[in-house]
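*Asks:*
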Amino acid sequence: MDAHEPFHLHPLGGRKTTRRTFVVRAALALTGAASLPLLAACGGGSSEENPATEPAGDQTGGSTQASPGTGSSGSGAQGEPVRGGTLITLGHTDVPGLSPEDAGPTVEWSLVTQIHNGLLEIDENYELESVLAERHEVAEDGLTYTFTLRQGVKFHDGEEFNADDVVYSYEWYRNPENASIEQQSFAGVESVEATDPYTVVVRMSEPNAAFLIRGATAFIIPEHYHSQVGQDQYRTAPIGTGAFKLKEWRAAEYTLLEAFDDHFRGRPYLDEYRLNVVPEPSVRAIALETGEAHSSVWQLAVEDNQRLEATGEFTVFKAPSVSVNHFPLNHNLPQLAEKEVRQAMMYAIDRQAVIDDVFNGEAVIATSNIAPVLESWYNPNVKEYPYDPDEARRILDEAGWTVGSDGIREKNGVKLSFTCGVITGDQARRPEAELVQQYLREVGIDMQVREVPDASGGMRQGDLDAAVFNWTYGGSGGEPDPSDTLRSDGFNNFSHYRSERMDELIDQGLREVDPEKRREIYNEIQALVAEDVPFLYMMYWQWYTLYSKQVKGLPESALSPTQTYRKAYQFWLDPNA
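Going by the numbering used here, the first residue of the sequence shown is number 348, and it counts up by one from there.
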C-alpha cells in the first residue's frame, strides 16, 4: 500500500550463508514461535500439472547457489517455471481471522488476498486490474457502474461464482449493522442489482470518485456459505475464489494455505503458501539469511533490511511508503482532547533524531496525512512543527498545564499522562515509542509504554490511550480519500477525532470528479490535519520487501512492494537457485 516514485529493483546474485541453520531454530524456540519447516517440509515430491491455463509469471533476479526449501517437479532449466514446494513467509503478529474484515493490517492482508478476489484489484504499480469482472463501464454522470463478470469461476467448495455473490457481498459491507471496514468504500451507493447471472449494476445517489479503487476492489464472499455460517465462523473457515485455500491454521503459530486446483487463472505453481508467526525481527532476518524462509511480510529492522540487501542474496523491492508512521491519540481523554496539547507534543519530539537513531535514516519527516510520493495530492504548504521543546513548553503553559512536583503537568486535577500500546513483540516500533517517551518527558508529559496483543482493536474500542502504527490516511492505491480514518464515523478513526469541517471536506472530495477541484479539497484536508493534529504524524518509511532468490515469477517492478504478495499465484521456486 505504498508509493508513487521510481521503484528500485536490485537484481542480486551469489548466495553466501553466514550463520548455521540451527541458529534460527534455536532462536525460534526461544521466542515461542512455531519452528520453521525443515527442508523436507517444503518439497521433495512433484505435483501434477493442471491442464488448465497456466499462470504467466515474469521472472526477476538471477539464480543463487542451492538453498533449502524448494521442492519442484522439473529442472528449472533456462528459467522454466516448475511446480511444487511451499512459499514460506513470516509475520510479526498473530492472525485473528481470515475474512475480508481482517484484511486491514499487512500480515492479515497477505493471507486474505490469497484466499479472496475482488471484481477489480490494484496491482503493485497502482494499476486497476480486472479480476472477477471481465470489464466495467461507468456512465458519463458517474452514477451508474456496470460490471460484466468472469464466467466459470469457482469458490473453493466447487460452487460457481455469480452476480448474486457480488450483490450479497456489497450489501453486507454497506449494512451499518455489520460495522464493516469497507462500509465507507460504498458511500453514495443507492442500490446493487444483479440484472442477469453475470452482470451487476451499481447505482449511486451521488458521485463517489473513489468507488472503483475502494468499493470495486472489495473482496467477494460466497452468499451460499457466508449467509449460512455467519461472520464469526467465516473468519476461521473462509471460502473464496483465490488461488489458495485454507488448509491449516494454528493461532499464534502459522497459517497454511494450499493451491486451489480449479482457480480461474489455472492452478498455481506453488503447492502451498505458508505464513509463520515470528515476532522478533532479528529472528525473521536470520530465517531469511539461512534460507529457512523466503520472505518477511512485515518489515525487518532497518539495519537488517540494509544488511540483507547488501549481501546480494535477495531480490529487493524498495519504495517510499504512502502510509504514515504515527501515534493515534484518544481524543475522548481530557488530557489528549485539546489541540494545543497535541501541537505541543509535535514540537517536543525530535523526529529527525528518531529517524536517524531508530530507523537508520530510512524515512522522511511527515508533514500531514498524505505522503510526498503522491505528488498529485501532496500539499507541502501546511503548518510545520520543527523540533522546539521551548515552544512546546510555552504552548502548554499558556493552555494552563502546569508542572507538578513530580515534573508531570496537570490541569484541573488531570495529569498529562497516558499509556501508549505497542504490539507484543514489535521490536521495530517499541524503540521508537521509548524515544518519544523521553522527548515528551522533557516537557512534562508522561507517556507510559506497554505491549498489547491488538493495538488497532484497542484504539477502535477506546481501550487504549495511544498506540504506534503505520497506516494509510488517504493514499491507498493512489486514492487520497481518508474517509475511514479521518471522518467522524470512520471505522479506522483510531483517535476518535471529530471535526464537522473535516467531515464536510471528505464528503466534498468524494463527490467531486474534477481533478483540480479535488486537489484543492485534499489540500485543505491536509492543512486541517496539520492544524488539528488528530494524531502525532512522525515519518514516512522506506518500505522494503525482500524475496529469496529462489522465488521466481515476481513482478518486474513495484511502486508498492507489499502488493507483490498478491501475485503469489504466479510465483514458483527455482530448485537451482
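Glycine included, every Cβ here is placed at the ideal spot set by N, Cα and C.
1. Does the region 728-742 touch the region 863-881, meaning 3 or more C-beta pairs lie closer than 8 Å?
2. What ranges does the alpha helix (DSSP H) occupy inside the region 605-655, keeping only unbroken runs of at least 4 residues that lie completely in it?
3. Enumerate in chain order the residues of its own chain whose CB-to-CB distance from Gly438 is below 6 Å, with the five nearest sequence positions on each side excluded.
4. Grab the span of the beta strand (DSSP E) containing Ala541 for me, first residue to last.
5. What is the residue span of the alpha helix (DSSP H) that Thr819 lies within?
6. Between the region 526-543 and the region 466-486, do three or more beta carbon pairs fall short of 8 Å?
7. Quick one: give me the first and last residue of the beta strand (DSSP E) that Trp456 is part of.
8. Helix, strand or coil: how does DSSP classify Ile528 here?
9. Quick one: is the Cβ of Leu647 within less than 8 Å of any heavy atom of the ligand ATP?
10. Based on Cα-Cα distance, which residue from Pro827, Gly824, Glu826 and Glu847 lies nearest to Ser835?
11. What are the start and end residues of the alpha helix (DSSP H) that includes Ala780?
12. If we require 4 or more residues per run, which alpha helix (DSSP H) segments fall completely within the region 695-746?
13. Return the first residue and the last residue of the beta strand (DSSP E) that His573 is part of.
14. Any Cβ of chain B within less than 9 Å of the Cβ of Ile560?
15. Based on DSSP bridge pairs, tell me the residues matched to Ala450.
16. Can the beta-carbon of Glu529 be found less than 9 Å from the beta-carbon of Arg561?
17. Between the Cα of Ala590 and those of Glu600, Asn464 and Ala700, spot the shortest distance and give me the residue it belongs to.
18. Take Val898 as the anchor and find which of Ser670, Glu878 and Phe661 has the nearest alpha-carbon.
19. Given Tyr545, which residues of its chain have a CB within under 7 Å of its CB, disregarding the five upstream and five downstream residues?
20. Taking the straight line between their C-alpha atoms, what separation do you get for Thr493 and Val513?
21. How long is the line joining the alpha carbons of Ser895 and Asp810, rounded to whole angstroms?
22. Just tell me which of Glu650, Glu518 and Ile586 has its CA closest to the CA of Gly505.
23. Would you give the residue range spanned by the beta strand (DSSP E) that Tyr891 belongs to?
24. Quick check: what's the CA-CA separation for Ala739 versus Gly822?
25. With H, G and I counted as helix, E and B as strand and the rest as coil, what does DSSP make of Tyr844?
26. When you compare each of Val459, Gln575, Asn472 and Ala557 to Leu515 by their alpha carbons, which one comes out closest?
27. Ala905 to Ser764, Cα distance in whole Å?
28. Expressed to the nearest angstrom, what Euclidean distance is found between the alpha-carbon atoms of Trp456 and Asp449?
29. Need the endpoints of the beta strand (DSSP E) that Phe664 sits in, please.
30. Over the uninterrupted beta strand (DSSP E) stretch that includes Phe765, give me the two end residues.
31. For Gly638, count neighbouring Cβ atoms within 10 angstroms of its own Cβ and tell me buried if that reaches 16, exposed if not.
32. With burial defined as no fewer than 16 other Cβ atoms inside 10 Å of the residue's Cβ, what is the status of Thr832: buried or exposed?
33. With distances taken from CA atoms, which of Pro675, Trp888, Asn817 and Glu685 is nearest Glu745?
34. Taking the continuous beta strand (DSSP E) assigned at Ala480, which residues delimit it?
35. Going along the chain, which residues of its own chain have a beta-carbon closer than 6 Å to the beta-carbon of Asn933, five neighbours each way excluded?
36. Near Gly392, which residues of its chain fall below 6 Å by C-beta distance, leaving aside the five closest residues on each side in sequence?
*Replies:* Checking against the coordinates, here is how it stands:
1. yes
2. 628-636
3. Within the sequence shown, the letter at position 91 stands for residue 438. Result list for Gly438: Val454, Leu622, Val624, Val644 and Trp645, in chain order.
4. For the purposes of this step, residue 541 is identified with residue 194 of the sequence shown, where counting begins at 1. Segment Val536 to Asp543, the beta strand (DSSP E) holding Ala541.
5. Position 472 of the sequence shown, counting from 1, holds the residue named residue 819. Careful: Thr819 lies outside any alpha helix (DSSP H) and carries neither H nor E.
6. no
7. For the purposes of this step, residue 456 is taken as the residue at position 109 of the sequence shown. Trp456 -> not in any beta strand (DSSP E); alpha helix (DSSP H) instead, spanning Thr453 to Ile462.
8. Here the question's residue 528 lines up with position 181 in the sequence shown. Reduced to three states, the DSSP call for Ile528 is coil.
9. Because no ligand of any kind appears in the structure shown, any question about the ligand ATP cannot be addressed here.
10. The residue you call residue 835 lines up with position 488 of the sequence shown. Comparing Cα-Cα distances from Ser835 to each of Pro827, Gly824, Glu826 and Glu847, the minimum goes to Glu847.
11. By 1-based counting over the sequence shown, the position of residue 780 is 433. Here the alpha helix (DSSP H) through Ala780 covers Arg777 to Arg788.
12. 698-706 and 736-745
13. Counting from 1 along the sequence shown, the entry for residue 573 is found at position 226. Premise fails: His573 lies in the alpha helix (DSSP H), Glu570 to Thr583, not in any beta strand (DSSP E).
14. Here there is only one protein chain, and chain B is not present.
15. On the sequence shown, residue 450 is found 103 positions in, with the first residue counted as 1. Answer is none; Ala450 lacks a bridge partner.
16. Here residue 529 refers to the residue found at position 182 of the sequence shown. Here residue 561 refers to the residue found at position 214 of the sequence shown. In contact: Glu529 and Arg561 (Cβ atoms closer than 9 Å).
17. Working through the sequence shown from its first residue, we reach residue 590 at position 243. Nearest option by C-alpha distance: Asn464.
18. Taking the sequence shown and counting its residues from 1, one reaches residue 898 at position 551. Here the closest residue by C-alpha is Phe661.
19. Within the sequence shown, residue 545 is the residue found at index 198, counting from 1. For Tyr545, where only same-chain residues beyond five positions count, the Cβ hits under 7 Å are Thr495, Leu496, Gln498, Asn509 and Ala510.
20. Here residue 493 corresponds to residue number 146 of the sequence shown, with the count starting at 1. Here residue 513 corresponds to residue number 166 of the sequence shown, with the count starting at 1. Taking the straight line from one Cα to the other gives about 12 Å.
21. Your numbering for residue 895 matches position 548 in the sequence shown. Your numbering for residue 810 matches position 463 in the sequence shown. Their backbone Cα atoms lie some 40 Å apart in a straight line.
22. Here residue 505 refers to the residue found at position 158 of the sequence shown. It is Ile586.
23. Here the question's residue 891 lines up with position 544 in the sequence shown. Here the beta strand (DSSP E) through Tyr891 covers Phe882 to Ser895.
24. Locating residue 739 in the sequence shown gives position 392, where the first residue counts as 1. Locating residue 822 in the sequence shown gives position 475, where the first residue counts as 1. Roughly 30 Å separates the two Cα atoms.
25. For this step, residue 844 is matched to residue 497 along the sequence shown. If DSSP states are grouped into helix, strand and coil, Tyr844 belongs with coil.
26. Start at 1 with the first residue of the sequence shown, and residue 515 comes out as number 168. Note that residue 515 is Tyr in the sequence shown, not Leu. The option with the nearest alpha carbon to Tyr515 is Gln575.
27. Start at 1 with the first residue of the sequence shown, and residue 905 comes out as number 558. Start at 1 with the first residue of the sequence shown, and residue 764 comes out as number 417. So the two alpha carbons sit approximately 42 Å from each other.
28. Position 109 of the sequence shown holds residue 456. Position 102 of the sequence shown holds residue 449. Rounded to whole angstroms, Trp456 to Asp449 spans 7 Å at the Cα level.
29. Reading the sequence shown from its first residue, position 317 is the one you call residue 664. Element bounds for Phe664: Phe661 to Pro667.
30. Here the question's residue 765 lines up with position 418 in the sequence shown. Counting along the chain, the beta strand (DSSP E) containing Phe765 begins and ends at Ser764 to Ile770.
31. Along the sequence shown, one-based indexing puts residue 638 at 291. Buried, because 16 or more other Cβ atoms sit within 10 Å of the Cβ of Gly638.
32. Taking the first residue of the sequence shown as position 1, residue 832 is located at position 485. Buried, by the Cβ-count rule.
33. If you number the sequence shown from 1, residue 745 lands on position 398. Of the listed residues, the one whose Cα sits closest to Glu745 is Glu685.
34. For this step, residue 480 is matched to residue 133 along the sequence shown. Counting along the chain, the beta strand (DSSP E) containing Ala480 begins and ends at Ala480 to Val485.
35. Since the first and last residues shown for the chain are 348 and 924, residue 933 lies out of range.
36. Locating residue 392 in the sequence shown gives position 45, where the first residue counts as 1. Note that Gly392 has pLDDT 31, beneath the 50 cutoff, so the model's placement of it is unreliable and the number below is only indicative. Excluding residues within five positions, none has a Cβ falling inside 6 Å.
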